[in-house]
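Residue numbers 30 to 307, in our numbering, belong to the letters of the sequence shown in order.
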Amino acid sequence: MTRNPLGKVGQAKEITSLSNPVIKDIRALNLKKNRDRTSSFMAEGLKLVIDALDQGWQIRTLVYGRDAKGNAPVEAVAARTVAAGGLVLEVPQKVLGAITRRDNPQAVCGIFEQRYAVLGDMHPKPGETYVALDRVRDPGNLGTIIRTADAAGASGIILVGDCTDPFSLETIRATMGSIFAVPVAKADGSGFLQWCDGEDARLVGTHLEGAIDYRTIDYAAAPVILLMGNEQAGLPAALAERCDRLARIPQSGRADSLNLAVATAVMLFEARRHLLEV
Ligand code: SAM
30 MTRNPLGKVG QAKEITSLSN PVIKDIRALN LKKNRDRTSS FMAEGLKLVI
80 DALDQGWQIR TLVYGRDAKG NAPVEAVAAR TVAAGGLVLE VPQKVLGAIT
130 RRDNPQAVCG IFEQRYAVLG DMHPKPGETY VALDRVRDPG NLGTIIRTAD
180 AAGASGIILV GDCTDPFSLE TIRATMGSIF AVPVAKADGS GFLQWCDGED
230 ARLVGTHLEG AIDYRTIDYA AAPVILLMGN EQAGLPAALA ERCDRLARIP
280 QSGRADSLNL AVATAVMLFE ARRHLLEV
């Protein structure tokens with residue numbers, strides 16, 4: 030049987046106290062350093078846990094509230110967790126609320142192993158679109174972008190430079206499960222540019238001073254890597270000058286820019302317009 034990284038062998042267990050060391054370890058996943066150290070993260074809700082299991086993500090611990098005892102889908106997920114060598118915990122609502130930091134927690138949450146795609150294994154093919162995010166800082170933006178990339182049929186996300194953690198609770202919530210479907214890779218700026226150089230793809234950057242109207246670009250001519258800038262600083266010159274096209278979304282009104290996730294959605298659905306059918 031697989032040993033659970035939180036220290037226990039997979040089995041159902043009732044825990045009532047917040048001071049239980051396993052519960053403490055789970056609550057500690059609130060901090061990035063603990064997620065990194067254990068290479069794990071939390072996903073809330075039965076739908077997300079089932080999505081993750083269906084997509085082959087490795088579950089370490091399933092926590093469910095007492096109120097969900099006897100609920101057939103929850104019991105089925107518990108059985109899958111045990112079969113995968115994970116730990117199943119039954120806890121009072123107050124413990125579930127403390128773990129998820131919610132007054133009205135979902136019936137279950139799962140602790141999963143983190144998984145990053147390897148950038149060098151990504152090879153954009155015709156009809157594919159990738160989204161590269163330069164130093165994205167806002168967890169809600171990143172989660173929304175992952176969800177939008179999934180909906181638009183993008184093939185992967187590349188986190189360039191010092192980005193917010195895709196496995197934080199806030200990001201995971203905002204992805205609504207798409208974190209389990211869209212490969213996420215990370216690279217520093219030079220590693221990203223090196224990868225671009227080696228691939229037969231068009232690098233389309235977005236910039237408030239971009240010279241090209243985003244609606245005039247031929248997105249079908251080659252695989253596309255959409256490059257989006259940081260929320261505060263936008264794209265740095267070192268990245269902008271390497272783009273094959275520098276696109277601008279024309280605006281009117283007083284706003285000086287679009288929110289990063291909104292701009293990414295506009296670009297993605299335009300870049301994939303010819304591929305999406307109703
Ligand atoms: N102050 C920043 C600047 O000067 O670039 C604003 C950054 S904006 C909030 C974040 C990112 O969204 C930009 O770097 C760009 O990638 C994209 N973006 C937002 N509005 C855009 C627009 N109208 N045209 C092209 N890209 C846009």
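Ideal placement from N, C-alpha and C gives every residue a C-beta, glycine not left out. Fair warning: this is a prediction, and the values are worked out from it, not measured in the lab.
Review point. Can we say the stretch 200-208 touches the stretch 67-75, given the rule of at least three CB pairs closer than 8 angstroms?
Key: Proximity of the stretch 200-208 to the stretch 67-75 meets the contact definition, three or more beta-carbon pairs being nearer than 8 angstroms.
Exercise for review: State the DSSP-derived secondary structure class of residue 247, mapped to helix, strand or coil.
Suggested key: Coil.
Practice item. Check whether the Cβ of residue 260 lies closer than 7 angstroms to any heavy atom of the ligand SAM, and answer yes or no. Key: Under cutoff, so the answer is yes.
Practice item. Check residue 167 in the structure and name its three-state DSSP category. Key: Residue 167 sits in coil when the DSSP states are folded into three classes, being neither helix nor strand.
Point to revise | Beta-bridge pairing of residue 232 - partner residues as DSSP gives them | key: Bridge partners of residue 232: 254.
Exercise for review: Please find out if some non-hydrogen atom of the ligand SAM comes closer than 7 angstroms to the beta-carbon of residue 207.
Suggested key: No; taking the cut-off as 7 angstroms, the Cβ of residue 207 has no heavy atom of the ligand SAM nearer than that.
Exercise for review: Determine the DSSP secondary structure at residue 96, reduced to helix, strand or coil.
Suggested key: DSSP places residue 96 in helix when its eight states are reduced to three.
Point to revise | Contained beta strand (DSSP E) runs [length at least 3] in the stretch 188-236, N- to C-terminal order | key: Qualifying beta strand (DSSP E) stretches, in chain order: 213-216, 231-235.
Review point. How far does the beta strand (DSSP E) with residue 55 in it reach, from first residue to last?
Key: That residue, residue 55, is in no beta strand (DSSP E); its alpha helix (DSSP H) goes 50-56.
Check your understanding: CB-CB under 7 angstroms to residue 292, same chain, minus the five flanking residues each way: which ones, in chain order?
Key -> Sequence-distant partners of residue 292 (beyond 5 residues in either direction) whose C-beta falls short of 7 angstroms from its own C-beta, in its chain, are 235, 257, 278.
Check your understanding: Taking C-alpha atoms, which residue in 167, 165, 56 lies nearest to residue 138?
Key -> The candidate whose alpha carbon is nearest that of residue 138 is 56.
Point to revise | C-alpha gap between residue 243 and residue 130, whole angstroms | key: Taking the straight line from one Cα to the other gives about 41 angstroms.
Check your understanding: Cβ of residue 178 within 8 angstroms of Cβ of residue 297?
Key -> With respect to residue 297, residue 178 sits close: the two C-beta atoms are nearer than 8 angstroms.
Practice item. Decide yes or no for the touch test of the stretch 59-69 against the stretch 95-102: beta carbon pairs closer than 8 angstroms, at least 3 of them. Key: No: fewer than three Cβ pairs fall under 8 angstroms.
Check your understanding: Using the rule of at least 16 other Cβ atoms within 10 Å of the residue's Cβ for burial, across every protein chain shown, is residue 197 buried or exposed?
Key -> With 16 or more Cβ atoms within 10 Å of its Cβ, residue 197 is classed as buried.
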